[in-house]
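Student: Under my numbering, residues 177 to 335 are what the sequence shown spells out, in order.
Yeah, the Cβ is synthetic: ideal placement off N, Cα and C, and Gly gets one too.
Predicted model, so just to flag it, every value in this text is computed and none were measured.
Before I ask anything, here is the structure I am working with.
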Amino acid sequence: MLSYEEYKTQLLQDIFPLLQRWHLSKHVVFNADAHTVRVKAQNPLIANCDIELQIEYSHLYHEPLLIFRFWNTTLIDGVEQSQIWLPDDLPSVLNMKGFNTGLDHVDKESKTIWFSAHCCDTSKVVGSDTSSYLSRWCSVYFTLFDCSFANVYMPKVKS
């Protein structure tokens with residue numbers, strides 16, 4: 177579990193810069209009012225498909241929550257057009273090993289549906305130490321989209 181205050185601090189200081197360094201990131205936005213980070217990333221498995229990701233805080237689980245959706249992108253008369261895509265077979269577009277996901281998150285403001293990586297077992301996966309919690313969380317959960325993501329975050333070795 178991670179307190180909301182620790183989440184907000186780590187999100188801005190650690191995760192926002194981390195996601196800016198991610199080689200698949202096209203655009204990274206930190207929302208200071210909502211305390212979220214939204215990323216538009218290239219899907220390494222499918223051409224002309226972007227992934228929109230958002231990290232937010234689950235007040236129910238006291239854990240970070242990862243929501244995501246897919247966009248098919250085409251060029252029409254030189255103008256990029258994007259359309260939401262809901263794949264029937266998630267394992268064909270993501271590295272699903274060990275993740276419990278569902279098309280079950282509705283954004284409160286836009287009323288749009290998103291996939292989510294369920295956060296009920298997060299502390300078992302990430303560990304209970306709150307220092308660099310979000311960085312460890314990202315190094316695990318972002319492998320859904322990029323198997324080498326753990327290489328972006330290299331944990332500090334305690335001496």
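#1: Helix, strand or coil for residue 315 per DSSP?
#2: Would you call the segment 288-296 and the segment 228-244 in contact, with 3 or more CB pairs under 8 Å?
#3: Cα separation between residue 215 and residue 194?
#4: Measuring straight from C-alpha to C-alpha, what distance separates residue 206 and residue 229?
#5: In the DSSP output, which residue or residues are listed as bridge partners for residue 283?
#6: Using a 10 Å radius around the Cβ and a threshold of 16 neighbouring Cβ atoms, would you call residue 252 buried or exposed?
#7: Could you check what DSSP says for residue 184 in three-state terms: helix, strand or coil?
#8: Since residue 262 contacts residue 183 with CB under 8 Å, what's their CB separation in whole angstroms?
#9: With a cut-off of 8 Å, does the C-beta of residue 303 fall near any C-beta of chain D?
#10: Using CA atoms only, rank isn't needed, just tell me which of 225, 302, 240 is closest to residue 268.
#11: Taking buried to mean at least 16 other C-beta atoms within 10 Å of its own C-beta, is residue 281 buried or exposed?
#12: Please report how far the alpha carbon of residue 302 lies from the alpha carbon of residue 255, in whole angstroms.
#13: According to the neighbour-count rule (16 or more other Cβ atoms, all chains shown, within 10 Å of its Cβ), is residue 191 buried or exposed?
#14: Using the rule of at least 16 other Cβ atoms within 10 Å of the residue's Cβ for burial, across every protein chain shown, is residue 187 buried or exposed?
#15: What residues in its chain sit with their C-beta under 6 Å from that of residue 298, if we drop five residues either side in the sequence?
Tutor: On the basis of the supplied data:
#1: As a working note, residue 315 is residue 139 in the sequence shown. Correct three-state label for residue 315: helix.
#2: yes
#3: Looking up residue 215 in the sequence shown gives position 39. Looking up residue 194 in the sequence shown gives position 18. Rounded to whole angstroms, residue 215 to residue 194 spans 11 Å at the Cα level.
#4: One-based indexing of the sequence shown puts residue 206 at position 30. One-based indexing of the sequence shown puts residue 229 at position 53. Spanning the two alpha carbons is a distance of roughly 12 Å.
#5: For the purposes of this step, residue 283 is taken as the residue at position 107 of the sequence shown. Partner(s): none; residue 283 has no beta bridge.
#6: On the sequence shown, residue 252 is found 76 positions in, with the first residue counted as 1. Exposed, since its Cβ has fewer than 16 Cβ neighbours within 10 Å.
#7: Residue 184 sits at position 8 when you count from the first residue of the sequence shown. Correct three-state label for residue 184: helix.
#8: For the purposes of this step, residue 262 is identified with residue 86 of the sequence shown, where counting begins at 1. For the purposes of this step, residue 183 is identified with residue 7 of the sequence shown, where counting begins at 1. Contact flag wrong, Cβ pair sits at about 29 Å.
#9: Reference to chain D is not applicable here, since this structure consists of a single protein chain.
#10: Here residue 268 refers to the residue found at position 92 of the sequence shown. If we check each option's Cα against that of residue 268, 225 comes out closest.
#11: As a first step, residue 281 is located in the sequence shown; it is residue number 105 there, counting from the start. The residue is buried, with at least 16 neighbouring Cβ atoms inside 10 Å.
#12: Here residue 302 corresponds to residue number 126 of the sequence shown, with the count starting at 1. Here residue 255 corresponds to residue number 79 of the sequence shown, with the count starting at 1. The straight-line gap from Cα to Cα measures roughly 42 Å.
#13: Indexing the sequence shown from 1 puts residue 191 at position 15. So residue 191 counts as buried.
#14: Position 11 of the sequence shown holds residue 187. Burial call: buried.
#15: For the purposes of this step, residue 298 is taken as the residue at position 122 of the sequence shown. So the list reads 239, once near-sequence residues are dropped.
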